[in-house]
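Chemist: Each residue of the sequence shown is one higher than the one before, counting from 0 in numbering that gives the first Met the number 0.
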Amino acid sequence: MAVITITAPAVEPVTVAEFKSHARIEYADEDAGIEKKITAAREYAERYLGFPFISTEFELVLDTFPRGPLKLPAGRLQSVTSVKYVAPDTGLEVTLTAGTDYEVDTYSVPGWIAPAASGWPTPKATINAVRVRYVAGYGATAADVPAAIREAILQIASSYFENRESVSDVSMMSVPHGAESTLDNFRSYDWE
C-alpha cells in the first residue's frame, strides 16, 4: 500500500501577514524565509495528526481490494475522484462508477468507500493493481481550518523562526509543547 500526493495544497492555513502580526515583525526582509517556516510548520502539524488541513488530492495504491469497506488514509475525506483497477482478463485499467459499483462515506473520519452488494471486483494478480484518487482536508481555504490548528501552526512556525539552528547554549525543544497539546485535540482514533 502506498499513498501518493497528487495535488498539494494551493494555499497555506496561515499567511505571512498573520505570522508577522503574531511574531510582531514589521519589516519585509524575512518574508521568503517566513513562507518556508509556515510551510514546514504546516507539514509538521499534518504529519503529527496524520491528515491534511487544506484540500489535497491523494492516490491510494493497493495490490488488491479489501474484503469489505476501504478506509482512505488522510483524515477528512471530501470526495473520491476515481476508483480504478487492472482487469484480470484483459490487463486494461477499468474505472468503477460511484453509486453503482461503490458508495462513499465522507462523514466518517477517516472516510471510506464500500463496495456494491456484489463486492469488489477481482483485479489482476499484480502489484499496484488498484488505484483510488481522492481529495481530503478541511477545505480549500485557510478559513476552513479550525482556529486552534492555525494557532498551533503559528506557534510552531514562530519556534522555527526564532530557533533557526539546531545548536544553542540554552535548552531547546523541537516544537512548543502548547502547539502539540493543541493539535492533540484534533487526533482521530480508529477503534476497530
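Ideal Cβ placement from N, Cα and C applies to all residues, glycine included.
Starting from Leu-48, follow the alpha helix (DSSP H) in both directions and report where the run begins and ends.
Modeler: Run containing Leu-48: 30-48, per the alpha helix (DSSP H) assignment.
Chemist: Measure the C-alpha to C-alpha separation of Ile-24 and Gly-98 and round it to an integer number of angstroms.
Modeler: Rounded to whole angstroms, Ile-24 to Gly-98 spans 52 Å at the Cα level.
Chemist: Give every residue of the same chain whose Cβ lies closer than 7 Å to the Cβ of Thr-6, excluding the five residues on either side of it in the sequence, and list them in chain order.
Modeler: Thr-55, Glu-56.
Chemist: Looking only at C-alpha atoms, which of Ala-128, Val-144, Ile-155, Gly-49 sits nearest to Gly-90?
Modeler: Ranking the options by Cα distance to Gly-90, first place goes to Ala-128.
Chemist: Assuming contact is defined by CB atoms lying nearer than 8 Å, are Thr-94 and Lys-83 in contact in what I supplied?
Modeler: For Thr-94 and Lys-83, yes; Cβs fall inside 8 Å.
Chemist: Excluding the 5 residues flanking Pro-8 on each side, which residues of the same chain have their C-beta closer than 6 Å to its C-beta?
Modeler: Once the five neighbours on either side are set aside, the close Cβ partners of Pro-8 are Ile-53, Thr-55.
Chemist: In the DSSP output, which residue or residues are listed as bridge partners for Tyr-101?
Modeler: BP columns for Tyr-101 point to Ala-97, Pro-114.
Chemist: If you reduce the DSSP assignment to three classes, tell me which class Leu-91 lands in.
Modeler: The answer is coil: DSSP assigns Leu-91 none of H, G, I, E or B.
Chemist: Excluding sequence positions up to five away, which residues of its chain have a Cβ less than 6 Å from the Cβ of His-21?
Modeler: So the qualifying residues of the chain are Leu-153.
Chemist: Hey, Ala-142 and Val-13 are a contact pair by Cβ (cut 8 Å); roughly how many whole angstroms apart?
Modeler: At roughly 11 Å, the Cβ-Cβ gap does not stay under 8 Å, so Ala-142 and Val-13 are not in contact.
Chemist: Figure out for me which residue from Lys-36, Met-0, Lys-19, Ala-73 has the closest Cα to the Cα of Phe-160.
Modeler: The candidate whose alpha carbon is nearest that of Phe-160 is Lys-36.
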